[in-house]
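Here the structure is laid out as structure tokens; the discussion comes afterwards.
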Amino acid sequence: MHHPVSTLENINFIQKVVTPLFHKPFDRYILTIKPIMLENVSLEIFNIHLTQKNRRKKKYENTLLDINETHAILLRDLSSDFPKSTIEFKPKWLNQSILAPNGWKSCRTCALRRFRGDLTINGIRYCPLDLASGNKARIQKSVRAILIKNHIYNQNIETNLSLYFQQSQLIDHLKYLQTNSSRTLSMTFCDCTIYVIFLHEEIFDIKILDLDCKPETKAEYWDKMEGQLIDENWYLGRGMIDNEEPCRL
């Protein structure tokens, strides 16, 4: 039986393993986490509350808090009063999978998207290889897809955020960490979430969250999915619609 990663273990992982990798100037993107003690009775009450609420994401419908947990993580509120406030996205695999077959047409993320039947929005899709390309037009294309998926589109925001990603080296640093880390760490950086908190069209703050340690079951799931993407030709373009451009490094 696999041992689940406790909150206290995740706190230690983030503070001692992950955070030191975000040295200056990248330390600005990491939130300070504050561990708080939990009482068993509080978790039981919260679980009752969860079972009574119907508006939960489908994947969380039958999940409850572990009443054996002793700690929780307190984070800064990332909401904002700006018209859309905050957008979020997972950068995902910023380099192609080393297991992708020769002649691939889809990156790992786009292959998985097509496997799941996630359609492009008005022909626009987010491709991590575009965001990590260093090319102005490709970065802007990926940012446009991110904004549209977050139900916000503003040309000034697109321009400013694209320029930021092009100049800040944040995406390059994440790509480096994904490529040059151990398996466990690489999984963490592939599955993290980037939050962009807008204070104005030209002023925003960026934070990286979901930097927890991935359990062994997650690695097994990713390995199984990787095999399926290869065996069923999703890397080779299966599911691509007419006139859809292939991914490229």
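Be aware that the sequence shown starts at 20, since it is given in my numbering, and climbs by one per residue.
For glycine and all other residues, C-beta sits at the position ideal for the given N, C-alpha and C.
For residue i and residue j, I'd like the C-alpha separation in whole angstroms.
i: F134; j: A119; result: 15 Å
i: L193; j: L204; result: 11 Å
i: N154; j: K160; result: 10 Å
i: N53; j: L94; result: Going by the sequence as given, residue 53 is Lys instead of Asn. Rounded to whole angstroms, K53 to L94 spans 7 Å at the Cα level.
i: K111; j: S187; result: 18 Å
i: D7; j: H42; result: Because the chain is modelled from 20 through 268, residue 7 falls outside the range shown and cannot be assessed.
i: I33; j: S201; result: 15 Å
i: F65; j: E245; result: 37 Å
i: K233; j: M206; result: 7 Å
i: N125; j: I55; result: The question names Asn, but residue 125 in the sequence shown is Ser. So the alpha carbons of these two residues sit roughly 43 Å apart.
i: T51; j: E251; result: 43 Å
i: L27; j: Q174; result: 42 Å
i: L230; j: M259; result: 32 Å
i: M20; j: C266; result: Residue confidence is low: M20 scores 47 on pLDDT, short of 50, so the model does not pin down where it sits. Its coordinate-derived value is still stated next. One C-alpha to the other measures close to 39 Å.
i: L148; j: T105; result: 23 Å
i: Q71; j: T82; result: 13 Å
i: E177; j: H170; result: 13 Å
i: E263; j: S152; result: 18 Å
i: T89; j: W253; result: 43 Å
i: F208; j: Q197; result: 6 Å
i: H219; j: L182; result: 15 Å
i: Q115; j: R127; result: 6 Å
i: N199; j: K168; result: 30 Å
i: E63; j: S25; result: 17 Å
i: F108; j: D96; result: 17 Å
How is the alpha helix (DSSP H) around residue i delimited, first residue to last?
i: P54; result: Unbroken run through P54 is the beta strand (DSSP E), 53-56; no alpha helix (DSSP H).
i: D149; result: 147-150
i: E107; result: Per DSSP, E107 belongs to no alpha helix (DSSP H); it is in the beta strand (DSSP E), 105-108.
i: W241; result: 235-250
i: K111; result: Counting along the chain, K111 falls outside any alpha helix (DSSP H), and DSSP gives it neither H nor E.
i: C129; result: 127-135
i: D96; result: No alpha helix (DSSP H) holds D96; DSSP gives it neither H nor E.
i: T82; result: Segment: none, T82 is in no alpha helix (DSSP H) and carries neither H nor E.
i: Q186; result: 174-187
With respect to the beta strand (DSSP E) encompassing residue i, which residues constitute its N-terminal and C-terminal limits?
i: L93; result: 90-93
i: D224; result: 223-228
Between residue i and residue j, how many whole angstroms is the CB-CB distance? I'm expecting something under 8 Å.
i: E113; j: I190; result: Reading off the sequence, residue 113 comes out as Leu, not Glu. With 8 Å as the limit, L113 and I190 qualify as a contact, their Cβ atoms being about 6 Å apart.
i: A164; j: Y145; result: 4 Å
i: T180; j: Y172; result: Note that residue 180 corresponds to Leu in the displayed sequence, not to Thr. No, L180 and Y172 are not in contact; Cβ-Cβ is about 12 Å, not under 8 Å.
i: A91; j: L57; result: 5 Å
i: G122; j: L255; result: 6 Å
i: I158; j: Q185; result: 5 Å
i: L248; j: A130; result: 5 Å
i: I49; j: T38; result: 6 Å
Run through DSSP, which three-state label would residue i get?
i: I49; result: strand
i: F32; result: helix
i: T212; result: strand
i: F41; result: coil
i: M20; result: Bear in mind that the predicted position of M20 carries a pLDDT of just 47, short of 50, making it unreliable; the figure below should be weighed with that in mind. If DSSP states are grouped into helix, strand and coil, M20 belongs with coil.
i: I167; result: helix
i: I143; result: strand
Should residue i be flagged as near chain C, meaning a C-beta pair shorter than 8 Å?
i: W241; result: No chain C is part of this structure, which consists of one protein chain only.
Handout entry: Meets three-Cβ-pair contact criterion under 8 Å: the region 224-231 and the region 205-216
Key = yes
Practice task
Report yes or no: do the region 237-244 and the region 37-51 share at least 3 C-beta pairs separated by less than 8 Å?
Solution key: no
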